[in-house]
Amino acid sequence: MKRSLFALVALLGVLTARADDPALVPLQLSICPPVQLMQEDTDIIGLKLNLPYGYNRSVRGFDLGVVGGAENCEAIQINLFNIVPGRARGLSGGLINLMGSCEGVQVGTFNFIEEDLVGMQVGTLNVARKVTGVQIGLVNYCDELWGMQFGLANIAGDAPLPFTVLVNASF
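For the sequence shown, the numbering used here begins at 1216 and goes up steadily by one.
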């Protein structure tokens, strides 16, 4: 089963990569940059395995391992630590998720988005500058909220009630 899934992901990456762009590759295996199959400025379309740490310019597909990093990411990320200073789209699951901006879902113990979230954060501590969507956690924080927060402490700077317990909403 694992071999079949790996073969499918690799094949999808090969089929979707543009032949005229050698910087697009379907597989990345990394121990720690620069000890990885492809250089950091490579775009990965397919599967990226971080054993324990990998970083690339962009990732589309699956990003799996201990510490996963990419400037931009359109993927399912499952790592202990996910680091995307640019834009993340998709699902990020890990102990700590650090993103520049996010369209999708973050699930983790600590979720931090420097700029905008369009989607959902689920975790112990959720932080974003602007939230369009939902935050679910023990502590939720944002400067601007268009959506809902569910948690023990909900802080939204521009909401009618900037601090609430259990539920906060602003539309």
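Idealized CB from N, CA, C, for every residue including glycine.
Note that the structure is predicted; figures quoted are calculated from it, not measured.
Query, Result
"Straight-line gap, V1274 to I1246 (C-alpha atoms, nearest Å)", "17 angstroms"
"L1310 beta carbon less than 8 angstroms from that of L1295", "yes"
"Closest residue to E1289 among Y1268, V1281 and L1262 (Cα-Cα distance)", "L1262"
"F1386 versus V1342 - alpha carbon distance", "19 angstroms"
"Three-way DSSP call (helix, strand, coil) for Q1254 in this model", "coil"
"L1381, buried or exposed, once every other Cβ within 10 Å from all chains shown has been counted against 16", "exposed"
"Member of A1371, T1379 and F1325 whose CA lies at the smallest distance from the CA of L1360", "A1371"
"Below-8 angstroms beta-carbon distance, N1383 vs any chain B residue", "Judged by its chain identifiers, the structure shown contains no chain B, having just a single protein chain."
"Among P1377, I1293, S1316 and R1272, the one whose alpha carbon lies nearest that of R1302", "S1316"
"Beta strand (DSSP E) segment containing L1239, residue limits", "L1239 to C1247"
"Counterpart residues of L1264 in DSSP-defined beta bridges", "L1244 and L1279"
"Residue nearest to T1339 in terms of C-alpha spacing, selected from T1347, N1355 and D1258", "N1355"
"DSSP state of L1376 mapped onto helix, strand, coil", "coil"
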